Every structure is written in C-alpha cells, then in structure tokens.
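Novice: If you scroll down you'll find the structure; I have some questions about it.
Number of protein chains: 2
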Amino acid sequence: MNNPMTYEEFQEKVGSIILTENGNCPVTPVIQMLQGKWKLQIIYELCIQSPMRFGQLRKMLEPITNTMLTNALKELEADGLVYREQYNEIPPRVEYSLTEKGRDLLPVFYAVSQWGMKYIP
Amino acid sequence: MNNPMTYEEFQEKVGSIILTENGNCPVTPVIQMLQGKWKLQIIYELCIQSPMRFGQLRKMLEPITNTMLTNALKELEADGLVYREQYNEIPPRVEYSLTEKGRDLLPVFYAVSQWGMKYIP
DNA sequence: GTACTTGGTAAGAAAAACCATACCAACGAA
DNA sequence: TTCGTTGGTATGGTTTTTCTTACCAAGTAC
Chain L
1 MNNPMTYEEF
11 QEKVGSIILT
21 ENGNCPVTPV
31 IQMLQGKWKL
41 QIIYELCIQS
51 PMRFGQLRKM
61 LEPITNTMLT
71 NALKELEADG
81 LVYREQYNEI
91 PPRVEYSLTE
101 KGRDLLPVFY
111 AVSQWGMKYI
121 P
Chain S
1 MNNPMTYEEF
11 QEKVGSIILT
21 ENGNCPVTPV
31 IQMLQGKWKL
41 QIIYELCIQS
51 PMRFGQLRKM
61 LEPITNTMLT
71 NALKELEADG
81 LVYREQYNEI
91 PPRVEYSLTE
101 KGRDLLPVFY
111 AVSQWGMKYI
121 P
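Protein chains in written order, with my numbering: chain L, 1 to 121; chain S, 1 to 121.
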C-alpha cells in the first residue's frame, strides 16, 4: 500500500474485500459500535492499562461525567468489547478490562494509525 | 492475529503501534472524520464507482436529502477524502471521486471487515 | 453521629445531528 | 412562454447525544 494503486487495482481489492457474500457492508456496524464521544478513548485507555477501576477511568478521561462514562461502558459491555468485574467491598470496587473481542480491534487501530501517521500532521 | 494473544503480547503491540511519538492517539481523529450517518456510505459508493454525479449519489443513498448529502460531501472534501469537479454546463454537472487519501483508507476498511466477518453474525 | 469513600442513578437542560419542505438559477426544448 | 433539468441553499422543526446538577447506599475512620 505504499505505492499508489491504479484505480483498476483499487476496484479489484474493493470488490473482494469490502463486500461480503450477501452484499452487505461489514464496516458500517463496526463504526457505529465505536461511535460516541468517549468509546474509542475508553478502549484506548484500556489498551494502555487493564484492568482499570471506574474512578481511574474517569480521572483519565476528565472531564467526562459519571453518566457518560457509565453509559459508554454499558454499551461497550453489551457489545462484548469490555468486561466488567464487580467486587463485594465497601466502598465498592469495579474493574473494567478489554475482552478478546475488544483486543481483536488492534489490527484496526494499527491500520488507522498507519493512515493517521501518513496524513495527520 | 488468529491465535489469541497473551496480554503481555498485546501490551507490547499497543505500545509500539497505537502511540505516536508525542503520545497522542491517531485513531480518534480518523474515527471522528468518518462519523455521521452518511459519510461511510458515501465513501463506500465512491469505492464501488467513481466518479459519481451528485444526483447519482443521491439516488444510491436514498432516502438521503439534498441537505445531508451536500453537507457530508463538503466535510469529506474539506478532509481531503473526496474530490469535487464542477463542469460549466447547463443543467449543472458536478462529479465526485475519492482522492488518494480517501483510497488509502482501504487497509482500514479491510481490517474492519475482517473483524466484522469474525464477530458480526 | 458525622464526614468521607466509591460507583453509580435520575431528571432535565443544552447542544448537536438530522430531516422536511420550499425555493433558486440558468439554459434548452416544446 | 412555460416546463423540465441539475445541484444545490435556506429555514425551521424533530430527534438524538451530551452535559449539569443533585442525589444515593453502605460501610469505615474520627
């Protein structure tokens, strides 16, 4: 991918890669899953350190609010990207980590960061 | 990436890949650039066929409105992903195509679609 | 018994994204 | 002269997302 492709080469790759057999785009639902102001940053923090407590995450993501962090984590958990472990202690302790499904996004991040390093100044 | 990594292996990859020298995340701005209900679909259509006229795109993306298509295309053009060529004819003719920068997103789409094919039922 | 801790909830306001509808300019065809 | 064409713009309304603020439960330290 370092030499610019011809348009014909590009077309060929697109046809075999982006389209699945039934003609649906598998990219859109993934991007939708990662949408929202905080989700990527949460995943990013959990890449760097895992597990992390709720309060730890909140401090890293300042100025995120409880509400937003809770909602984003719930959705990430519902999508199977994040695992939540609750300990029966007082004051409460809850730890979040990436699942294998979440960690498998690494090649995506790799591709994006390659692009970003080329094009983002 | 077909065999699950250990967490240590994962950490190592993250450290060398996702972080740029200055410590900023290059993933977030890319995802932000692709956010919005229509942008990915526009890029997708332009992958399949390029160049495309405004009206052609609108028909492919039905039920998109003029306003939304115009806005999305403007932003994609401002981000350098889409090229707009206007011809001095009546009735007007305007053609849109992907730039090299836009086409270079292909590895990203590839990585995403690999993930999607593994995890999206 | 009072204050402090953590990991949240609840309710409503503000902001952003999105949509519906109407309109326009300029030329060619009828 | 009127209609149809294309690629938009303008305006205002609805819906979705995000933010603000206040509150809670249950222990522990003082």
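Heads up, the beta-carbon is just placed ideally off N, CA and C, and yes, glycines get one too.
Everything numeric in this text was worked out from a predicted model, so none of it was measured.
Measure the C-alpha to C-alpha separation of S/ALA78 and S/ILE90 and round it to an integer number of angstroms.
Specialist: Computed Cα separation, rounded: 26 Å.
Novice: Just checking: is the beta-carbon of S/PHE109 within a distance shorter than 9 Å of some beta-carbon in chain L?
Specialist: Yes - at least one Cβ of chain L is within 9 Å of the one on S/PHE109.
Novice: Measure the alpha-carbon distance for L/LEU76 versus L/LEU40 and round it to whole angstroms.
Specialist: Those two C-alpha atoms are separated by around 10 Å.
Novice: Do you know offhand how far L/MET1's Cα is from S/ILE31's?
Specialist: Annotation note: pLDDT 46 at L/MET1 (below 50); position unreliable, coordinate value reported separately. Answer to the nearest angstrom: the Cα atoms are 20 Å apart.
Novice: Can you tell me whether L/ILE42 is buried or exposed? The criterion is at least 16 other CB atoms within 10 Å of its CB, across all chains shown.
Specialist: With 16 or more Cβ atoms within 10 Å of its Cβ, L/ILE42 is classed as buried.
Novice: Helix, strand or coil for S/MET1, going by three-state DSSP, please let me know.
Specialist: Reliability of the predicted coordinates at S/MET1 is poor, the pLDDT of 46 falling under 50, and the value obtained from them is presented with this limitation in mind. Coil, per DSSP.
Novice: From the DSSP secondary-structure annotation, give me the bridge partner or partners of S/VAL82.
Specialist: Paired residue(s): S/LEU98.
Novice: Where L/LEU57 and L/LEU73 are concerned, what is the direct C-alpha to C-alpha distance, given to the nearest angstrom?
Specialist: Cα-Cα distance, rounded: 10 Å.
Novice: How about L/GLY55 and S/PRO26: do their beta carbons lie closer than 9 Å?
Specialist: Contact flag unset, no.
Novice: Which chain L residues sit within Cβ distance under 8 Å of S/THR6?
Specialist: The contacting residues do not exist; S/THR6 stays about 10 Å from chain L at best.
Novice: Just confirm the distance between the C-beta atoms of L/ILE17 and S/TYR110, as a whole number of angstroms; I'd bet it's less than 8 Å.
Specialist: L/ILE17 to S/TYR110, Cβ: 5 Å. Contact.
Novice: Which residues bound the alpha helix (DSSP H) around L/PRO107?
Specialist: It spans 106–119 - the alpha helix (DSSP H) in which L/PRO107 sits, taken as one unbroken run.
Novice: Is S/ARG103 buried or exposed, if buried means 16 or more other CB atoms sit within 10 Å of its CB?
Specialist: Classification for S/ARG103: buried.
Novice: So the alpha helix (DSSP H) S/CYS25 belongs to, where does it begin and stop?
Specialist: From DSSP, S/CYS25 is part of no alpha helix (DSSP H); its letter is neither H nor E.
Novice: At a CB-CB cut-off below 7 Å, which residues of chain S make contact with L/PRO29?
Specialist: Here the neighbours are GLY116, ILE120.
Novice: Please go through the same chain and pick out, in chain order, the residues whose beta-carbon is closer than 8 Å to the beta-carbon of L/LEU69, but skip the five residues on each side of it.
Specialist: For L/LEU69, where only same-chain residues beyond five positions count, the Cβ hits under 8 Å are TRP38, ILE42, PHE54, LEU57, ARG58, LEU61.
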